[in-house]
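Asks: One structure is given below, represented as structure tokens, and several questions about it will come after.
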Amino acid sequence: MKAFDYTRADDLSQAVGSPAMLIAGGTNLLDLMKLEVATPDALLDINRIGLRDIAREGAGLRIGALVSNSDCAAHPRIRADWPLLSRAILAGASPQLRNKATMGGNLCQRTRCGYFMDGHSPCNKREPGTGCAAQGGVNRNHAILGASDACIATYPGDMAVALSALRATVETEGPDGVREIAMRDFHRLPKDDPSRDNVLKPGEVITAIRLPAPFGGRQLYRKVRDRASYAFALVSVAAAIRMDAGRIDAAQLAFGSIAHKPWTDERVEKMLVGERPSAALFDKAADLLLEDAQGQGDNDFKILLTRRTLAAALAEATGE
Amino acid sequence: MAQRPAARLTVNGQSHEISGDPRRSLLDVLRLDLGLTGTKKGCDHGQCGACTVIVNGRRINSCLTLAVMHDGDEVTTIEGLGQPDALSALQAAFVAHDGFQCGYCTPGQICSATAMIEEIRAGWPSAATADPADKPAIADAEIRERMSGNLCRCGAYDNILAAIRDAMDAEAAQ
Ligand SMILES: Cc1cc2nc3c(=O)[nH]c(=O)nc-3n(C[C@H](O)[C@H](O)[C@H](O)COP(=O)(O)OP(=O)(O)OC[C@H]3O[C@@H](n4cnc5c(N)ncnc54)[C@H](O)[C@@H]3O)c2cc1C
Ligand code: SF4
Ligand code: FES
Ligand code: FES
Chain A
16 MKAFDYTRAD DLSQAVGSPA MLIAGGTNLL DLMKLEVATP DALLDINRIG LRDIAREGAG
76 LRIGALVSNS DCAAHPRIRA DWPLLSRAIL AGASPQLRNK ATMGGNLCQR TRCGYFMDGH
136 SPCNKREPGT GCAAQGGVNR NHAILGASDA CIATYPGDMA VALSALRATV ETEGPDGVRE
196 IAMRDFHRLP KDDPSRDNVL KPGEVITAIR LPAPFGGRQL YRKVRDRASY AFALVSVAAA
256 IRMDAGRIDA AQLAFGSIAH KPWTDERVEK MLVGERPSAA LFDKAADLLL EDAQGQGDND
316 FKILLTRRTL AAALAEATGE
Chain B
6 MAQRPAARLT VNGQSHEISG DPRRSLLDVL RLDLGLTGTK KGCDHGQCGA CTVIVNGRRI
66 NSCLTLAVMH DGDEVTTIEG LGQPDALSAL QAAFVAHDGF QCGYCTPGQI CSATAMIEEI
126 RAGWPSAATA DPADKPAIAD AEIRERMSGN LCRCGAYDNI LAAIRDAMDA EAAQ
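Going down the list, the protein sequences come from chains A and B. Heads up, the first sequence is in the working numbering, so the first residue is 16 and it goes up one at a time. Heads up, the second sequence is in the working numbering, so the first residue is 6 and it goes up one at a time.
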């Protein structure tokens, strides 16, 4: 690990606009620092600036950025009213990691692309302009939607997939003030600048995640991976569905580990509304979702896997 | 301005001042500076659980946290849970059930299980809980899922499960 200066922030104002790299739970950043993929000169520890409350806000909820993943998943209101969020968090990492991982840090976790993490292969995300070793290389966990010539990496997290389905928002504070970003717009596609995973600006700090009023219905998070627990998703589907007299009344969906961001497609959500659940309908939904899907070789299987995971999730969520 | 580092932390009831190179993980400080070699280094990347310790009542991977970040924290390692002449209930259950072969993962397993029992008592759900709103049951599927952050290369999982189950059942019977 490269040497760095370490300081502790006492309040949010010291973190906003700081040129130092923020450290919260440290479970992703320290991993990458050991690999020398991340080499910050200065670390600012934000664990003592507060932002650890979960508070009611109208019919919704405001979750502080430094709330641990464990505390969020175990919160009585979240378990009862936004169970999709608890389920997605509990499907990720391990209990030890979730005890340290924070809401803000989780959103900012970096890709698990092997070439990004090895610290030396050509990688436009780690070192812009060097190329992309994953194209034509080992790309089993890479994107099938929204990739670019510059980068085919995926966003690997689970929590943000649930938050995208639930239409949560991210509250930030930067040198230019406070803003609120839709979860669905927080992560970006790689385009010609894969070095940026999300739309945060330099010096901007995530302060909270906001959940809108409970959606109700059936909510589930279906994660497919190489082993039953403690593994990243190959494909995941977050689904919240409300039924009315045998027809789909409302559907909110998001997909994990298939793109550089939690993937959402309003066309798919809309086409389901008013329909009776059936295998044919789920197939049509998958056709639309995967219209532009493209495999990279090793990950071709993800296209069919996404189709089947969507069908299974919809069947379960609609009670078919 | 933000304050400069140095940290005072309590390990198994004893206070220690940590200063110097901020790069050191809590794991390295425990093992190398404090001589508490019960806590093991498996992967050093959060992937195995061998380094699990309990900080302020919660289990964490000591390899993925800087010692200097723990100012004011209370750390419990395997040495703090019990000693050969005074084993904790879980330590005794691991011995009784042969909950290990080489023993390398064992301190992490026992620290992890100790905190896991508290998590179940506090009613935390897991991925094995059918509805996250439900109170979790004491069941093998729950224990397996909740212990999935601790790998055992010897594959002693069945006996580890039996040891934990036994300690939990004994406690529940009291
Ligand atoms: C072995 C292993 C398995 C894992 N498995 C999974 C899994 O299955 N599913 C999954 O979703 N995740 C998984 N993870 C990733 C884990 O969820 C993340 O490491 C964790 O959520 C990161 O949170 P943190 O607080 O520790 O972040 P840190 O490591 O502290 O920070 C990560 C990044 O976020 C930035 N940051 C932190 N807080 C803020 C803030 N408030 N504002 C702005 N920037 C901020 C930091 O500067 C840093 O760049 C796994 C990790 C490991 C090591
Ligand atoms: S896919 Fe992206 S992260 Fe992976 S090597 Fe290519 S540029 Fe780097
Ligand atoms: S040594 Fe810490 S998890 Fe493996
Ligand atoms: S007993 Fe050998 S690794 Fe678990």
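No residue lacks a Cβ here, since even glycine has one placed at the ideal position from N, Cα and C.
If I follow the unbroken alpha helix (DSSP H) through F270/A, where does it start and stop?
Replies: First-last for F270/A: R262 to G271, but that is the beta strand (DSSP E), not the alpha helix (DSSP H).
Asks: Taking only beta carbons into account, state which residues of the region 40-52 of chain B come closer than 9 Å to chain A, listed in chain order.
Replies: Per Cβ criterion, the list reads D49, H50, G51 and Q52.
Asks: By Cβ distance below 8 Å, which residues in the same chain neighbour K140/B in space, the five residues on each side in sequence not counted?
Replies: Taken in chain order, the residues that qualify are G128.
Asks: Does the Cβ of F99/B lie closer than 7 Å to at least one heavy atom of ligand 4?
Replies: no
Asks: Say yes only if the C-beta of A161/B is nearer than 7 Å to one or more non-hydrogen atoms of ligand 4, and no if none qualify.
Replies: yes
Asks: Taking C-beta pairs closer than 7 Å, name the residues in chain A that A138/B reaches, listed in chain order.
Replies: R94, A95 and P98
Asks: Using only the alpha-carbon positions, how far apart do N84/A and A180/A sit?
Replies: In this structure, the straight-line span from the alpha carbon of N84/A to that of A180/A is close to 18 Å.
Asks: Once the 5 residues before and after A269/A are set aside, which same chain residues still bring their CB inside 6 Å of it?
Replies: V176, S179, A180, A253, P277 and T279
Asks: Measuring CB to CB, does P171/A end up less than 8 Å from T126/A?
Replies: yes
Asks: For ligand 2, I want to know if F131/A counts as a neighbour, meaning its beta carbon is within less than 7 Å of at least one of the ligand's heavy atoms.
Replies: yes
Asks: Any heavy atom of ligand 5 inside 7 Å of the beta-carbon of D49/B?
Replies: By its list of ligands, the structure shown excludes ligand 5, since it contains just ligand 1, ligand 2, ligand 3 and ligand 4.
Asks: What number of angstroms, rounded off, separates the C-alpha of L325/A from the C-alpha of P292/A?
Replies: 13 Å
Asks: Using a Cβ-Cβ cutoff of less than 8 Å, which residues in the same chain neighbour R13/B once the five nearest sequence positions on both sides are dropped?
Replies: S20, H21, E22, I23, D76 and G77
Asks: Determine the chain A residues that contact R126/B at a beta-carbon separation under 9 Å, and present them in chain order.
Replies: By Cβ distance, chain A contributes nothing, its closest Cβ being about 12 Å from R126/B, past 9 Å.
Asks: I think S101/A touches A88/A, with their Cβ atoms under 8 Å apart; what is that distance to the nearest whole Å?
Replies: About 4 Å separates the Cβ atoms of S101/A and A88/A, confirming a contact at the 8 Å cut-off.
Asks: Relative to the C-alpha of P112/B, which candidate in E84/B, I125/B and A138/B has its C-alpha closest?
Replies: E84/B
Asks: Going by other Cβ atoms of all chains shown within 10 Å of its Cβ, with 16 needed for buried, is C107/B buried or exposed?
Replies: exposed
Asks: Considering just the uninterrupted stretch of the alpha helix (DSSP H) at E219/A, what are its terminal residues?
Replies: First-last for E219/A: undefined, no H or E at that position.
Asks: Quick check: does the Cβ of N66/B come within less than 7 Å of any heavy atom belonging to ligand 3?
Replies: In this structure, ligand 3 has a non-hydrogen atom nearer than 7 Å to the beta-carbon of N66/B.
Asks: For the alpha helix (DSSP H) containing R199/A, list its first residue and its last residue.
Replies: M198 to F201
Asks: Helix, strand or coil, according to DSSP, for C53/B in the structure here?
Replies: coil
Asks: Under 8 Å between C-beta atoms, does S131/B make it to chain A?
Replies: So, interface residue.
Asks: Which class does Q8/B belong to by DSSP, given the choice of helix, strand or coil?
Replies: Any reading at Q8/B must be qualified, since the residue scores a pLDDT of 47, below 50, and its modelled position is unreliable; the value itself is stated next. Q8/B: strand per DSSP, three-state reduction.
Asks: Could you name the residues of the same chain whose beta carbon sits closer than 6 Å to that of A266/A, not counting the 5 residues immediately before and after it, in chain order?
Replies: I256, E284 and L287
Asks: Find out if the Cβ-Cβ distance for the pair G51/B, N66/B is shorter than 8 Å.
Replies: yes
Asks: Could you check whether the Cβ of Q19/B sits closer than 7 Å to any heavy atom belonging to ligand 3?
Replies: no
Asks: To be precise: take each residue of the region 61-87 of chain B, compare its Cβ to all Cβ atoms of chain A, and keep it if any distance is under 7 Å. Which residues remain?
Replies: Those residues of the region 61-87 of chain B that come within reach of chain A (Cβ to Cβ, closer than 7 Å) are R63, R64, I65, N66, L69, T70, L71, V73 and M74.
Asks: Might you give, ordered along the chain, the residues of its own chain that have their beta carbon closer than 7 Å to the beta carbon of A184/A, omitting 5 neighbours on each side?
Replies: Ala is not the amino acid found at residue 184/A; the sequence shown has Thr there. Closer than 7 Å at the Cβ level, and outside the excluded window around T184/A, lie E195, I196, A197, M198 and R225.
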